[in-house]
Every structure is written in C-alpha cells, then in structure tokens.
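What follows is a short report on a single structure.
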Amino acid sequence: MVIGRTYLLGPDEELWEKPLSEDVETLLAAPQNDSKGVKLSEISPDARPRPRDKTRVVTYRTPHNSAIQVYDFRKKASRVVWGPGLVMLGPDEQ
Numbered sequence: 045m046v047i048g049r050t051y052l053l054g055p056d057e058e059l060w061e062k063p064l065s066e067d068v069e070t071l072l073a074a075p076q077n078d079s080k081g082v083k084l085s086e087i088s089p090d091a092r093p094r095p096r097d098k099t100r101v102v103t104y105r106t107p108h109n110s111a112i113q114v115y116d117f118r119k120k121a122s123r124v125v126w127g128p129g130l131v132m133l134g135p136d137e138q
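Each residue of the sequence shown is one higher than the last, beginning at 45 in the numbering used here.
Written as structure tokens, this is what we have:
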C-alpha cells in the first residue's frame, strides 16, 4: 500500500480490488457529518450509493466522540480508532 506519493506499477504488478460487504459499501456512500455519526437504520434503502473505485484505499472519517473497531483477518487482531480521526483500511482489514 503506497499512500501520499505517485507510484508506477511494475510489469509484474496489477491493481487489486478490495471487496467489501454490502453494509460497509452503504456506510461509506452515506453523507458524513463530523458532529454526528451515520447509522445504517437512518439510511434510506432507496438511496443509490455512488460507485466507488475499488482499487483506491478505503477511508472513513470517524465522527467526534466515537470509536470504530477494525479487524485484521491475517493477524487475527483488532484495533480501535477514536474520533475525530481518519480510518484507512489495510489490505486484510474490515
């Protein structure tokens, strides 16, 4: 994962698409407000999420006075990000 600078893929490399569950896709597509979190029950089922580029890093802005738990399947460990903050998922995290 290369962040913050340009990177040219080598001849033996290819872009990798990160698969996410439908709930996570809906949460990422919802409008975010720094003072209030987003609940899945508050999102309209008719709202069409805009398509995201699955080859880009997945980021989520953590609202103030909240926490997000991220689980790494390779390490079998979780981490907690306290808001306000920016969560960037690694390759094996959800």
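Think of the CB as a built atom: it goes at the ideal place given N, C-alpha and C, for glycine as much as any other residue. A quick note: this is a predicted structure, and the numbers were derived from the prediction, not measured.
LEU64 versus LEU52 - alpha carbon distance:
Their backbone Cα atoms lie some 25 Å apart in a straight line.
Considering only the alpha carbon of each residue, which of THR103, PRO55 and ILE47 lies closest to GLU69?
Of the candidates THR103, PRO55 and ILE47, the one whose C-alpha sits nearest the C-alpha of GLU69 is THR103.
Among PHE117, ASP97, SER122 and ILE112, nearest to ALA73 - alpha-carbon criterion:
Here the closest residue by C-alpha is ASP97.
In whole angstroms, what is the alpha-carbon distance linking LYS119 and GLN113?
When the Cα atoms are used, LYS119 and GLN113 turn out to be separated by approximately 15 Å.
How many Å lie between GLU61 and VAL101 at the Cα?
Roughly 10 Å separates the two Cα atoms.
One or two residues paired with GLY129 in a DSSP bridge
Bridge partners of GLY129 according to DSSP: THR106.
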